[in-house]
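For the sequence shown, the positions run 1 to 147 when full-length UniProt numbering is used.
We put the beta carbon where it would ideally sit given N, CA and C, even for glycine.
Okay, structure first, notes after.
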Amino acid sequence: MIELLRSAYDEIVYQAYDGDEREVCGILAGEYDPDHTVVTDAYPAENVADNPEIRYAIDPEEQFEITERIEEEGLEVAGFYHSHPAGPAEPSETDAARATWPDFSYVIVALDGYPFVGSWRWRDEEERFDGERVRVVSSRSDGDDSR
């Protein structure tokens, strides 16, 4: 399961809308656990893909800088996010081919109609994503806003 603080959830959804037809992307921070990750913050990154309307890529140097900033703030990398401006609401074959962090969450904001926020864990040995439950909470101790 992945638990997103409402502020982090809102940030990635609004960023996805601001991206218009381009995919947006970034790194999630909080408390990583292979079974129950808690996301407290979202760190936007520039999408440097050759075709940002249908792909995303984070520059390795920027990814390193964001990771360092996350750690300096006493947090852990909790996963990654990107948007699918025209769907689908699940990871694409390209998403699977580019996933590199085993057991980490990959959150996708699909904007085909009402925004859908889903999350999948990358299972490196099986080379596949497993869907996971997403819970949105207003504070760290609140568990009422389930999705």
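Would you mind giving the Cβ-Cβ distance between residue i and residue j, rounded to the nearest angstrom? I have them listed as a contact below 8 angstroms.
| i | j | result |
| --- | --- | --- |
| L28 | S105 | 7 angstroms |
| S83 | G30 | The pair is not a contact, with the Cβ atoms about 20 angstroms apart (cut-off 8 angstroms). |
In the DSSP assignment, what residue or residues form a beta bridge with residue i?
| i | result |
| --- | --- |
| R140 | For R140, which the question treats as bridged, DSSP gives no partner whatsoever. |
| D84 | Per the sequence presented here, residue 84 reads as His, with Asp not at that position. Paired residues: A110. |
| G79 | L28, S105 |
| V38 | E3, E31 |
| N47 | I58 |
Between the beta-carbon of residue i and the beta-carbon of residue j, is there less than 9 angstroms?
| i | j | result |
| --- | --- | --- |
| I2 | A78 | yes |
| N47 | R22 | yes |
| R121 | F129 | yes |
Residue i: which of the options sits nearest, CA to CA?
| i | options | result |
| --- | --- | --- |
| E62 | S92, Q15, P44 | P44 |
| V38 | E76, A89, W120, I54 | E76 |
| E132 | P52, E90, A49, A110 | E90 |
| A86 | I66, F80, A110 | A110 |
| A57 | E65, T40, H36, Y81 | Y81 |
| W101 | Y9, I108, E125 | E125 |
| Y114 | Y14, S7, A8 | Y14 |
Name the two residues that bound the continuous beta strand (DSSP E) containing residue i.
| i | result |
| --- | --- |
| R121 | 116–123 |
| D130 | 128–132 |
When you compare the CB of residue i with every CB in chain C, is at least one pair closer than 9 angstroms?
| i | result |
| --- | --- |
| G87 | Although the question refers to chain C, the structure presented lacks it and comprises just one protein chain. |
The alpha helix (DSSP H) spanning residue i covers which residue range?
| i | result |
| --- | --- |
| V94 | Reading off the sequence shown, one finds Thr at residue 94, where the question assumed Val. 93–98 is the span of the alpha helix (DSSP H), which, as asked, contains T94. |
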